[in-house]
Structure formats: structure tokens, C-alpha cells
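To start, the structure itself, in C-alpha cells.
Protein chains: 2
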Amino acid sequence: MERDAFEIRDQDAAGRIGELTVPRAGVTVETPALLPVVNPHVRTVEPARLESEFGAEILITNSYILYGSDDFREAALDRGLHDLLEFDGAIMTDSGSFQLAEYGEIDVTTEEILRFQHEVGSDIGTPVDIPTPPDAPRERAESDLATTQERLEIAENVDVGEMLVNAPVQGSTYADLREAAGRHAEATNLDVFPVGAVVPLMNEYRYADMVDVVAAAKRGLGADAPVHLFGAGHPMMFALAVAMGCDLFDSAAYALYARDDRYLTVRGTEHLADLDYFPCSCPVCAERTPDDLRQRGNEERERLLAEHNLHVTFEEMRTVKQALRSGNLLELVENRARAHPAMLDGYRALADHAGQLERSDPASKSSFFYLSGESATRPEVVRHHERLSRLDPEGEVLLTEGSPSDNFDESWRVVAPFGPFPRALSETYPLTAETPERMDARGYEQAARGVARLVDENPDCSFTLAHHDWPASAVALVPDEVDVLDLSEEY
Amino acid sequence: MERDAFEIRDQDAAGRIGELTVPRAGVTVETPALLPVVNPHVRTVEPARLESEFGAEILITNSYILYGSDDFREAALDRGLHDLLEFDGAIMTDSGSFQLAEYGEIDVTTEEILRFQHEVGSDIGTPVDIPTPPDAPRERAESDLATTQERLEIAENVDVGEMLVNAPVQGSTYADLREAAGRHAEATNLDVFPVGAVVPLMNEYRYADMVDVVAAAKRGLGADAPVHLFGAGHPMMFALAVAMGCDLFDSAAYALYARDDRYLTVRGTEHLADLDYFPCSCPVCAERTPDDLRQRGNEERERLLAEHNLHVTFEEMRTVKQALRSGNLLELVENRARAHPAMLDGYRALADHAGQLERSDPASKSSFFYLSGESATRPEVVRHHERLSRLDPEGEVLLTEGSPSDNFDESWRVVAPFGPFPRALSETYPLTAETPERMDARGYEQAARGVARLVDENPDCSFTLAHHDWPASAVALVPDEVDVLDLSEEY
């Protein structure tokens, strides 16, 4: 169904810059967006500062905590959340599903909590879904999902006025269940789609599994649905998750980590005790050394660390958006993958979904930077190989890394990692790619696969491949019927 | 000769944190250090602010400009540079060699300019060396180098009191000349060693050539010499250059780029006109949007951009130092290589010098993160392969990625990218490496080379290799006499 509340403006890979209209708040939130988690009991950084100093357009708080709180329940009902939190942007509320997952039960129904969320003035509410952990037995994942789906159907029929409603997508680590859950959720009249129960995957650094789960949910949800990667607040994985098509992120990490003297960076998490220098120039770090910070009292240190954590988190979100706008989001993902071996696994898993990413990836961008062997499997390379089946070489065809030759009917260029193409396409993206002089085996192998594709599609042509010193692993992928010569052996 | 002025505290790869004692300034400069270039005629950011807000301990200015300046010559002689520039840290002065390279001649001798530098109160002076550009004819490179070497010898005999003196290392792109130049410079009584004329390489993104030039100079200079990568101010390449053993950097870029509305990042240079979001949270960027900045007047915009450029430059220097202290400088180099294909070439060139880096690389660090196929050629892997020749397996030896077996005299582990090792070494660095589940062909190939090394060194043993689904390119590197079985085919 068409999603009136969400409009996509720019795309790169499966990532997008979008606008989520939140009618009850009277605001439009630009995505990808980071929702700081605000605990009404512990305001490490005041919500008003989140808005004015960090640029937060939306935050998230837990309605179940308010619902069960002697301190806040009545105040929230009387004054409303915006007044209570002193925040003018959009406010999303969670339902208690997290508490359900942690403690086994909660004493509220979807209908009750949605009505409560509406009454306290939430702009985006959440039903009580069942977060099935990774690797749960299949039967449990299925029955939990059936319960979640019933609750989405209940939620569809609760009158919550203009409040948007989340439709969480569960299914544990079963790709088919996640995809079916996405398809079901998308068919409801609900508005925003959190991919749920991925926190355990992230805590265990299972980024490859996270990529597979998100890819499956996205296949079910389709391209138009705004997707929230629920519980994902570490800036290290924003680029990867946005490239997969996630639009909303929430961070409790900024505050929770600060309490433990943990310092976020896009390359991982550091403990304040281990830092001699701040690898950051945010207002907190530009004026202080780690030693300065260690000497502050607990409360001030926690607040300053939380502020740093917020700065680096919002900075990364801006970096992701700028990359997306510039058409080099995948270059940023390449970069961010070199933070931890598990992030590399996540990026390598992304390549398994290159076809899925290719469908939304723009046909033309400003540049393609080849930055590693993984660049050889980018969506643009997949697309070029697809395109090869629509090209029509004729007669005796030279595919060459060297000069064209009059001894053939046609002379095509060959460039790793893409493979062959007619010279007339030389100036079209992505064949304008900037590649290293020291190309790797994977790039040559991918070029050889391009040759194989072209040969396979054109059985009536005869092909000669002239390459410069390709590794044996690449030459081995060239079909036997191709006449192969190594230009570097000519002299 | 021993370098009293320079003490090395921490090492990682060929990089180090050091202390350069600058007696005339009465200060000790921690290296790696960034020297902002201050043009006495155009102070984009006041030197006092460089010290107080950005933490600059040392700056560089051009004595030849002062020497020839009607405005400043007398003031510099009367008041001295520290007073003129209002800077308490160390001041290095260049000699006019740059002008010589640009305009073909200058009207001052080494003796005159060194005396002038001494008279104006410079803390580190420079003779008039001859910067030979890359790819110059060999004869020119040799004769220029001979002239530079004569001038170093003249410089040795000029009485400049406590002022330290630079001994530039030239030799164009000839590795043997750079190495000889390094050896000659190190044998003088001069103090600091700029690797000269690399700016054209950086301007042309020839980072692989830059790595080769630095590696050659370092071979000649030896480990104890403080090395200045002259003209290198883009933060993108600090990690790579520090890992090669460079200690000092100077940046005119922060100001020159600001004049052209260019915005530095560790992933390259952006034009302000192309930015929708600031990928930074420095005090300049945290409070403003690119649109805000575009609307400022020329002078304010230039100053703010220069401040951002300085923030990101000093931030990267701190990031490099923190990585070095944490023992993960090479992980940072991996990351920074994914900024541009030419940076990848630079990092791939580094692997050619892994043996050279290995000599200063600590035997133990906190962690080894495998982050790409390039990780397979890190110095630690080279060292492990060397170590294999000192180990003594006996009898029938199983090398296995699976469980040990009683059917053999010894059961060793095999881990990509390292190759085989006795189980007792499992907990020693780097064999504690964190590696991706999705290992690449290069990692397996390097493990196979380790197997080959062990087999080669132990002709009296018989070896069986039990691997999990290694690619054919890796299995092909295992010597024929090894009995190979694939554990993933067992079931």
C-alpha cells in the first residue's frame, strides 16, 4: 500500500533520504534519523538540548515505564509527553515489549497501551509485539510471530486519532519468517516498521546475521515502508544499516555507555581509562584531554561522555546522509567495515544481497571508488553483468585491456572489476570508476565472470581476450572457447 | 649516530610516539606532530590560538619570506620570531627551497639563510637543499643530491648555537638515491630529517610511490632519526605516513584549502558547495550547517573553514597517536586506506615493506583485527612465517583447522592468515587475532604459504593438512608432499 506519511527523496544502494510526516507532532522528520532514548526517570541530557544542540527532530521514550510509574503516570496524562519532556519535535513511544522479552511478562494489552500512548500525547505508538530472540526454535518463532501479527491486527482497529503506529517485524533469524512478517506488516494500515529483536545480534557482533535479517524483512516490506532498526544506536553500523534500507535508529547507548565510562567512536567503543588522546574534535573533546575528564566527578563525567557519545552519533548520521546525497554511501560502508572483523562479515554479507540493493541503486552517480576486493561485488558490477546480456557483439570480437585492433570486427574494452563493454560506454557510470593500479585477484576474477557472461549470451560470436598479467584464478574463469593472450608477455 | 634530541617512547609498525627536545625553545614536542604553516603576511588563524585552542606545540614559517620582506625583516631581527608571531612553542623555519623549486633561483646561500634563521630566533632551521621533483632524469637527481649534500656539510659548520638544523633527504623517485641520501644525512651532526619533494607525489595521488620513497629514506636514516614528511598536511594520509615512520608533518592546506572553500576530511576533500551536511562535529560544524556557512562573508567563511580544517587535522593526529598507543595503528591504516583507490595503492605498497616494518613492530599488542585481504600481508604474518623456521615439529604432523588427532605424533593448529603453529602458542599474539567468519582467499593463501614454509624447513617430517573448504588458489600453494584433506567434505 502507498505510504502517505513517508516520502523518499534521494537513494543510494538500498539507502534513502526520506521525509516522515508525523501529523500529531506537526513535524516532518528527515530520515535517516536518530532517536535518542529518553528515560523519564534519568535525563542524562535534557531533551531540549537534544533538539537545540544536537539537532534531534525525534526522540523515543518508553510508555510502559510511564504507565507503571507512580511518579510520572498522572503527570504524563495531565500535561502530556511534550510538556513533560520539554520537547517540541516528534515523540515515539515503545510499548513494553522490551520488558516482556527481558522479564517474561507485562501486565498490559496492546489495546490498553496504545490507548495510553494516545492519551499521553505520543506521536508514534507501539503495540505489544513479541520479540523472539535469534536462533529460537522454529516453532517458537512461528507462534510468537502469529501472536505479533494478531496484535498488529488489533492495533489497526484501536482509535488513536492522528498518532502513527509501529508495526514491528519479528521472525527471529529465519529469513522466510522475517520476509513473511514484513509482507504481513506492510499490508496493515500501520505506519512505521521496526525490525525487532536485532539487539542480541548486535551485542554478539553478528553483523552478517543482522544484514540477512534486515534484507529479509525489507523484501517483505517493499521499498516504500519506513524501517526502524530497533535498538540500533552504535554509530559504527549506521552506514551498513542505511545501505540496507533502514531509516530510523534509536540510541540508549549514548547514555548507558556513558554511565560505564565508555566512549563511542565509528570504529568501536573505547573505555575512558584506555584513552590517552581523544580521537574526536566535538565540543567536549576539543577542549579536554582524557585525563581532564577522568578527574571530573561522576555526574559531570557521565554527562560529558553522554554528550560526546551524542555528538559522534549525530555526526555519523550526518556523514551517512552526506554520503548518500553524494552517491558514495557504499564507499562509506567500505570504510566503516574496517572497524572490526565482524563489521567486515556484515559488509561481506551485504554482497550476498547485491541484487536486492541493485533494484533501488541509482543508474548514475558521481563516482565509483574501488576500495577493496569487496568492491568487486558491488551492485553496480552486478548490474553491468546483467546489462551484458542486452548488448549485441557481432563476429570476431576482441576484448582488450590494451589498444583496439583492426583485425577484429569489434574491439571492446575490458576493465576490472566490470569485465567487457563497448568503447562507446567508456564514459558512462560505473565504467568511469577509479580503480587502484594494484588491482586484486577478486577484481580480475569478477572481470573474467563478465567475459564469461558475454560469451555465454553470444554463442555465434568468437572472442579473444587480451589481458595484462591476470592472476591464474581469473584466467581460469574465462570460458575455454575464448582465445586468451597476455599482453604483458608480448615483449 | 645517537640522536639526543629525539627519544622514542611507543612503537607500532614503523610508527612511534616520540619526544623531540627543542633546546632553543625550551620545549619538548610530542611526535607525531603537526606543524601548522604560518604565513607572516596572512595569519588566517592567530598562532596564539593554534596553541591554546588546537594544541599546536610547534609551527613552521618561511624564513626566506621574512628575509626578503620589507615589512617583516627588521621586525623579525629586532623582536624575534616568537614575539612577532606571539607563539611560545617551537618554531621551525624553512629556507626558501620551495621558492627555489618553484621559481628556479633564490638569492641567498645556505650559510646566509641559516645565520638569518638563527638571528630571528628560529628553533629549527633549514639549509637551502635542492628539491628534485619525482621522475626527474637520474643524472639530474644525482647532481641535485650532490649539491644538497654539500649544503648539509656547509650547514654542519655554521655556528647556530642551540638551534636545531634540518637535513633534508632528496633523491627524486630513485629508491637507492633516497636511501643513500638518508645514510649521508644521518651521518651529519644535523638534527631533523625532512623527506623532501614528496608534495608532487601527493598532489597526483601517487601514494604508493610516496610509500616507496619514504621506505627508502628510512632505510638510510635508520630508526633513531626524527623524520619530517615535508609538505604533507592532508589528514587522509597521516596514519599511513606514521606507520611508515614519519614523525613530523606540516600543513599549509588548512589555510590554502579554506581560501578555495575546500573542506578537509579523513576521507578526502569536499567543496563547501557540495555539502548538505557537515560530516564532522568540531566546534565549527556542530553549531552550523553548510548553508549557514555559505551565507557568511568571505573573510569569516575562510576563517571558519580554516578552523574546521585545523580541527580535523589535529583530531586525526590524536587518532593516530591513540591507535599507536593502543597497538592498532595498522587497523587505522586499513580503515584510512578505504578513502580513495590511490590510498589503497599506498596501503598495498606498504605490504611490500612489511619486513622493514616488522623490525620495529612490537612482538605483542592487545589485538590483531583482520579487516581485509590486505591484513594477510601485515608484518605480524611475515614475522610468524619467519618464526616457523625456528620451530621443530617431529615425525608425522597433523596441521588442522579441526580437532587434534592421536593418530599423529603432533597436532598443530592452522589459522588463516597465519598458517600452522603448535597449540601451545594459541594464546600468544598475533595468533589470538580476531578474524572474520567469511575469510577471503588471500587469508587462506597466506596460511598455505605458512604451511609451505614449515614443510620446507622440516624435510624429515611428514605433514597432513586438514582444512575447511579452502579455495583452490590456497590449496595450490600447499607443497605436493603434504597429504591434504578437506574437513568440510567429510560428512
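So the protein lines, in turn, are chains A and B. Residue numbering for the first sequence is 128 to 618, as defined by the working numbering. Residue numbering for the second sequence is 128 to 618, as defined by the working numbering. Note that CB positions come from ideal geometry on N, CA and C, so glycine has one too. Owing to the predicted nature of the structure, the values given are computational and were not obtained by experimental measurement.
Residues of the segment 403-424 of chain B with Cβ closer than 7 Å to any Cβ of chain A, in chain order: Asp403, Tyr404, Phe405, Pro406, Cys407, Ser408, Cys409, Pro410 and Ala413
What residues in the segment 490-523 of chain B bring their beta carbon closer than 7 Å to a beta carbon of chain A? Phe496, Tyr497, Leu498, Ser499 and Gly500
On the DSSP bridge assignment, give the partners of B:Met219 in chain order. B:Ile187 and B:Ile251
Should B:Leu391 be labelled buried (16 or more other beta-carbon atoms within 10 Å of its own) or exposed? Classification for B:Leu391: buried.
Mind pulling the chain B residues with CB within less than 7 Å of A:Ala568? In chain order: Ala568.
Where B:Glu537 sits in the DSSP three-state scheme: strand
Among all the DSSP beta bridges, which residues are the ones paired with B:Ser494? None; B:Ser494 has no bridge partner.
Select from A:Glu246, A:Val247, A:Ala183 and A:Glu239 the residue whose C-alpha is nearest the C-alpha of A:Pro254. A:Glu239
On the CB-based measure, 16 or more other CB atoms within 10 Å of its CB, does B:Ser499 come out buried or exposed? So B:Ser499 counts as buried.
Taking 7 Å as the threshold (beta carbon to beta carbon), is B:Arg346 in contact with chain A? no
In terms of residues, what are the limits of the alpha helix (DSSP H) holding B:Val411? Pro410 to Ala413
How many whole angstroms separate the CB atoms of A:Ala352 and A:Glu289, which I take to be in contact at a CB cut-off of 8 Å? No, A:Ala352 and A:Glu289 are not in contact; Cβ-Cβ is about 19 Å, not under 8 Å.
Three Cβ pairs or more, each shorter than 8 Å: is that satisfied between the segment 453-465 of chain B and the segment 458-475 of chain A? Under the three-pair Cβ rule at 8 Å, the segment 453-465 of chain B counts as touching the segment 458-475 of chain A.
Does the contact criterion of 3 or more C-beta pairs under 8 Å hold for the segment 372-387 of chain B versus the segment 163-173 of chain B? yes
Same chain only: Cβ atoms within 8 Å of B:Phe320, ignoring 5 sequence neighbours per side: Asn293, Ala294, Pro295, Val296, Gly309, Ala312, Glu313, Ala344, Leu348, Ala352, Pro353, Val354 and His355
Sub-7 Å separation of A:Pro258 and A:Ser224 beta-carbons: yes
So what does DSSP say about B:Gly546, is it helix, strand or coil? strand
Per-residue contacts from B:Ala593 into chain A (C-beta, under 8 Å): Per Cβ cutoff of 8 Å: no residues; B:Ala593 is ~23 Å from chain A at best.
Would the C-beta of A:Val354 count as close to the ligand PLP, meaning under 6 Å from any of its heavy atoms? For the ligand PLP, the structure offers nothing, since it holds no ligand at all.
Could you list which residues in chain A have their beta carbon closer than 8 Å to that of B:Leu471, in chain order? Tyr497, Leu498, Ser499, Pro563 and Arg565
Do you know whose CA, among B:Ala175, B:Gly182 and B:Glu414, lies nearest B:Leu211's CA? Closest by alpha carbon: B:Ala175.
In the DSSP assignment, the beta strand (DSSP E) including B:Leu612 goes from what residue to what residue? Boundaries of the beta strand (DSSP E) around B:Leu612: Asp610 to Asp613.
Just to check my reading of the structure: A:Gln591 and A:Leu518 have Cβ atoms closer than 8 Å, yes? What is that Cβ distance to the nearest angstrom? Per the sequence presented here, residue 591 of chain A reads as Thr, with Gln not at that position. By a beta-carbon distance limit of 8 Å, A:Thr591 does not contact A:Leu518. Their separation comes to about 17 Å.
B:Leu432, buried or exposed, once every other Cβ within 10 Å from all chains shown has been counted against 16: A residue is called buried once 16 or more other Cβ atoms fall within 10 Å of its Cβ, and B:Leu432 is buried on that count.
Inter-residue Cα distance where the pair is B:Thr555 and B:Gly546: 14 Å
Could you spell out the range, first to last residue, of the beta strand (DSSP E) harbouring A:Glu146? Gly142 to Val149
Below-7 Å beta-carbon distance, B:Thr559 vs any chain A residue: no
Using beta carbons (cut-off 7 Å, strictly below), is B:Arg475 in contact with chain A? yes
Among A:Asp536, A:Pro506, A:Pro531 and A:Arg510, which has the Cα closest to the Cα of A:Gly522? A:Asp536
Option in A:Arg386, A:Glu146, A:Pro167 and A:Glu434 with minimal Cα separation from A:Ala160: A:Glu146
Mind checking B:Ser532: buried by the 16 CB within 10 Å criterion, or exposed? With fewer than 16 Cβ atoms within 10 Å of its Cβ, B:Ser532 is classed as exposed.
Does the beta carbon of B:Ser600 sit closer than 7 Å to a beta carbon anywhere in chain A? yes
Are the C-beta atoms of A:Gln449 and some chain B residue less than 7 Å apart? yes
Taking only beta-carbon positions, decide if A:Asn436 is within less than 7 Å of chain B. no
Nearest-angstrom Cα separation, counted from B:Ile233 out to B:Val287: Between B:Val287 and B:Ile233, the C-alpha separation is close to 22 Å.
What's the C-alpha gap between B:Ala268 and A:Met364? 49 Å
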